[in-house]
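Peer 1: For what it's worth, our numbering labels the leading residue of the sequence shown as 306, then goes sequentially.
Each residue gets a CB set at the ideal place from its N, CA and C atoms; glycine is no exception.
Note that the coordinates shown come from a computational prediction; the quantities given were computed from them, not determined experimentally.
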Amino acid sequence: MAKPAFDTLRALAIASQALGLILIITLETVLGDAARPWQGWTLAAMVTAALWIALVRLYRRNRARMALARRLDDDDDA
């Protein structure tokens, strides 16, 4: 099975990390030292998004493996 040309999960991961970095820098610029708690929450959101994307990728990969195994098993039976 060929890989798709555009990987939505990869694009989502890159976009979420870039947005988080931009937000952290903007918070530091605008709020100064008062930005620390907000930066922490932003970092926590970035880590949560990364873990969620990794779990979705793992789920999709395992589902594709099971489908391939099922197809190969069906071909062997025929």
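Is the number of C-beta pairs between the stretch 321 to 330 and the stretch 341 to 353 that are closer than 8 Å three or more?
Peer 2: Flag = yes, the stretch 321 to 330 and the stretch 341 to 353 touch.
Peer 1: Count the other CB atoms within 10 Å of the CB of residue 334; is the residue buried (16 or more) or exposed (fewer)?
Peer 2: Exposed is the call here.
Peer 1: Using a 10 Å radius around the Cβ and a threshold of 16 neighbouring Cβ atoms, would you call residue 347 buried or exposed?
Peer 2: Buried.
Peer 1: Kindly give me the distance between the Cβ atoms of residue 361 and residue 314, rounded to whole angstroms, as I take these residues to be in contact under 8 Å.
Peer 2: Right, their Cβ atoms sit about 6 Å apart.
Peer 1: Can you tell me which of the three DSSP states residue 309 falls into?
Peer 2: In the structure shown, residue 309 sits in coil (DSSP, three-state: anything other than H, G, I, E or B).
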